[in-house]
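K.L.:
Residue numbers (the working numbering), protein chains in the order written: chain P, 13 to 302; chain B, 57 to 331. In this text, a Cβ means the ideal position worked out from N, Cα and C, and glycines have one as well. Predicted, not measured: the structure shown is a model, and the values here were computed from it. Quick one: the structure is below, and I'll ask about it shortly.
Here it is as structure tokens:
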């Protein structure tokens, strides 16, 4: 291998051997499967389900048949990300700036624990809370009747915020923790109001954490299945739910493959757009600082 | 500010507490609550399907974590010596493995494996290896482990490589100057330095695999993992038993978390004492 460094022959052999299992895995379980669904997405559905070889774009032309799943995903995923952000930021700020030294590690662990426990079960808990005998029942007691929460977009959004909040808090916390506190003092010494200090110093400096957290949550939400399946009850469904339906129920592999590839394409485009916007915004801020 | 933090913690822990509370329900129905019985617990622990699902999940998560940690660490060590296009390809594949939604990985693996098995099975049968009537290769533990290992291996590579980059390289050079063999250098210098990252990668891999529903849902074939069991029991209708299972799962993952904390801490303390 000409591309390796200045090490000798036996070292190259060691390097190759160390990389062998990973290469095998990447090829057999990542590259090959992706190529297979790309090929299938150009095929036709066999009469009994599965795949029949063909070379057509018909499956992609048919994507509009699942338009609702795409529009649901593309509205609720960004909305859920923003809600997570709005709720996570004050908590991260509290943990990084306001919390006492002694309590901080404990409070931080408390945020991490739900992240390590079963996502499925944490979502399941909300079936109770939002279901007929949960919050609607309590509201009935104080005279507000006929509130329906479960199987609504609101229920799905609550599930999203609940599930992904820890993932948003941590990166923001890390960037706020790294922030040089003397900058805050300098701002207040120079007569800036706390609000102005926040918007001109704290918020811009915590931007990397905001971007990381939003990307993590958004990317995971684009492929979400469990939350809409449990809290959306077939009424509010994501592309993920359409995919399970297409592959496991109707066994329409070619169309399912096209939907999967479209999902990945849209997700990558959205991430690229977001990063461009964030980059441009940051440039503008740099200009305004000058 | 403090009040706000308290409210968020209540939001995070309220639902979990509710599930645990409802698992001690003595009533017949999940929705009404009568305190307090462990009746549903004894019933749940006699449920052989559940125990089997739990054991399957532990087996799959354990194997996945071991494979992902070993292979990921090996690749990380090798990649620091690789430059040029090969390195770029590896970096790209690592990020692709992480960024592609789990559901798409599940689907792609399912379709690819079923296609490959359809080609390979008659071939194996014609060679006289394995039974001609039943398929030698089929979806099961192996495919779940393989698919989980792909994603978690990529995580391990990212975590361990970050640690290797922050490592003190002069120690490795000093060790080589002192005529240590590469293996001795690895064991006595490199490995202790990257150990926290390796451990973190192992735990993350285990948790991810133990918790994963969607990939296993596609590629587990007729096998059941704990999340698949819980999901289908929720679908069948919520009973107090579901709450007991949920409580048991929460207890298992919390126990693992505490064990992990203790392990990494005692190890770190020893390392600190030496330094």
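Would residue 206/B and residue 42/P be called neighbours here (beta carbons separated by less than 7 angstroms)?
P.N.:
Cβ distance < 7 angstroms, so residue 206/B and residue 42/P count as in contact.
K.L.:
Closer than 9 angstroms between beta carbons: that is the criterion. Which residues of the segment 163-197 of chain P meet it against chain B?
P.N.:
The segment 163-197 of chain P vs chain B, Cβ under 9 angstroms: 173, 174, 177, 178 and 181.
K.L.:
On the premise that residue 158/B lies in contact with residue 290/B, defined as a C-beta separation below 8 angstroms, what is that separation, rounded to the nearest angstrom?
P.N.:
Not really, about 19 angstroms apart at Cβ, beyond 8 angstroms.
K.L.:
Which runs of the alpha helix (DSSP H) fall wholly inside the segment 199-276 of chain P and span at least 4 residues, in chain order?
P.N.:
Listed in chain order, they are 206-209, 219-234 and 251-256.
K.L.:
In terms of residues, what are the limits of the alpha helix (DSSP H) holding residue 59/P?
P.N.:
Residue 59/P -> no alpha helix (DSSP H), and no H or E assigned at all.
K.L.:
Between which two residues does the alpha helix (DSSP H) containing residue 111/P stretch?
P.N.:
No alpha helix (DSSP H) contains residue 111/P, which DSSP labels as neither H nor E.
K.L.:
With H, G and I counted as helix, E and B as strand and the rest as coil, what does DSSP make of residue 7/P?
P.N.:
For residue 7/P there is no data in the structure shown, the boundaries of chain P being 13 and 302.
K.L.:
Would you verify that the beta carbon of residue 262/B is, or is not, closer than 7 angstroms to some beta carbon of chain P?
P.N.:
No, because no Cβ of chain P sits closer than 7 angstroms to the Cβ of residue 262/B.
K.L.:
With 7 angstroms set as the bound, which would you pick, yes or no: does the beta-carbon of residue 219/B sit closer than that to a beta-carbon of chain P?
P.N.:
No, no contact with chain P.
K.L.:
Assess contact between the segment 115-134 of chain B and the segment 198-214 of chain B, defined as three or more Cβ pairs (one per stretch) separated by less than 8 angstroms. Is contact present?
P.N.:
Cβ pair count under 8 angstroms is three or more, so yes.
K.L.:
When DSSP labels each residue in this structure, what does residue 159/P get in the three-state scheme?
P.N.:
It is coil, neither helix nor strand.
K.L.:
Residue range of the alpha helix (DSSP H) that residue 112/B falls in?
P.N.:
Element bounds for residue 112/B: 104-135.
K.L.:
With distances taken Cα to Cα, identify the nearest neighbour of residue 274/P among 72/B, 74/B, 75/B and 156/B.
P.N.:
Cα-wise, what sits closest to residue 274/P is 156/B.
K.L.:
Go through its chain and collect everything with a Cβ distance to residue 241/P's Cβ below 7 angstroms, but skip five positions before and after it.
P.N.:
For residue 241/P, where only same-chain residues beyond five positions count, the Cβ hits under 7 angstroms are 253.
K.L.:
Check whether chain B comes within 7 angstroms of residue 49/P, counting only Cβ atoms and requiring the distance to be less than that.
P.N.:
Output row for residue 49/P: interface = yes.
K.L.:
Can you list, in chain order, the residues of its chain whose CB lies under 8 angstroms from that of residue 163/B, leaving out five sequence neighbours each side?
P.N.:
So the qualifying residues of the chain are 274.
K.L.:
Which residues in the same chain have their Cβ closer than 6 angstroms to the Cβ of residue 78/B, if we skip the five residues on either side of it in sequence?
P.N.:
Once the five neighbours on either side are set aside, the close Cβ partners of residue 78/B are 299.
K.L.:
Assign residue 235/B to one of three DSSP states: helix, strand, or coil.
P.N.:
Here residue 235/B sits in coil by DSSP.
K.L.:
Can you grab the Cα-Cα spacing for the pair residue 100/P / residue 200/P, in whole Å?
P.N.:
So the two alpha carbons sit approximately 25 angstroms from each other.
K.L.:
Please report the residue range of the alpha helix (DSSP H) in which residue 71/P lies.
P.N.:
Its alpha helix (DSSP H) spans residues 70-73.
K.L.:
Tell me the DSSP secondary structure of residue 279/P in three-state form.
P.N.:
Residue state, collapsed to three classes: helix.
K.L.:
Distance cutoff 7 angstroms, beta carbons only. Does residue 80/P sit that close to anything in chain B?
P.N.:
For residue 80/P, the answer is no, since every Cβ of chain B falls outside 7 angstroms of its Cβ.
K.L.:
Using 10 angstroms around the beta-carbon of residue 71/P, count the other beta-carbons present and answer buried if the total reaches 16, otherwise exposed.
P.N.:
Its Cβ being crowded by 16 or more others within 10 Å, residue 71/P is buried.
K.L.:
Could you spell out where the alpha helix (DSSP H) holding residue 261/B opens and where it closes?
P.N.:
Looking at the DSSP string, the run of the alpha helix (DSSP H) that includes residue 261/B is 247-267.
K.L.:
Once the 5 residues before and after residue 276/B are set aside, which same chain residues still bring their CB inside 6 angstroms of it?
P.N.:
Excluding residues within five positions, the ones whose Cβ falls inside 6 angstroms are 200.
K.L.:
Compare the C-beta of residue 72/P against all C-beta atoms of chain B and say whether one is closer than 7 angstroms.
P.N.:
So, not an interface residue.
K.L.:
Could you tell me how far apart the beta carbons of residue 107/P and residue 185/P are, in whole angstroms, since I believe they sit closer than 8 angstroms?
P.N.:
Right, the Cβ-Cβ distance comes to about 5 angstroms (below 8 angstroms), so this counts as a contact.
K.L.:
At what residues does the alpha helix (DSSP H) containing residue 39/P begin and finish?
P.N.:
Where residue 39/P is concerned, there is no enclosing alpha helix (DSSP H), given that its DSSP letter is neither H nor E.
K.L.:
When you compare only the Cα positions, how much space is there between residue 139/B and residue 48/P?
P.N.:
The alpha-carbon atoms of residue 139/B and residue 48/P are separated by roughly 30 angstroms.
K.L.:
Determine, using beta-carbon pairs with one atom in the segment 212-228 of chain B and one in the segment 236-252 of chain B, whether at least three such pairs fall under 8 angstroms.
P.N.:
These segments touch.
K.L.:
Using a Cβ cut-off of 9 angstroms, pull out every chain P residue sitting near residue 168/B, in sequence order please.
P.N.:
What residue 168/B touches in chain P: 40, 41, 44, 45, 46, 47, 48 and 49.
K.L.:
Specify the secondary structure class of residue 68/B as computed by DSSP and reduced to three states.
P.N.:
If DSSP states are grouped into helix, strand and coil, residue 68/B belongs with the helices.
K.L.:
Tell me whether the beta-carbon of residue 255/P lies closer than 7 angstroms to the beta-carbon of residue 179/P.
P.N.:
Contact flag unset, no.
K.L.:
Step through the CB atoms of chain B and report whether any lies within less than 7 angstroms of the CB of residue 130/P.
P.N.:
It does; some Cβ of chain B falls within 7 angstroms.
K.L.:
Which residues in the same chain as residue 177/B place their Cβ atom closer than 7 angstroms to its Cβ, once the five residues preceding and following it in sequence are excluded?
P.N.:
Around residue 177/B: 191, 192 and 193.
K.L.:
If contacts are defined as beta-carbon pairs under 8 angstroms, then residue 162/P and residue 245/P qualify, I think. What distance do you get, rounded to the angstrom?
P.N.:
Going by Cβ atoms, the distance from residue 162/P to residue 245/P rounds to 7 angstroms, so yes, they are a contact pair.
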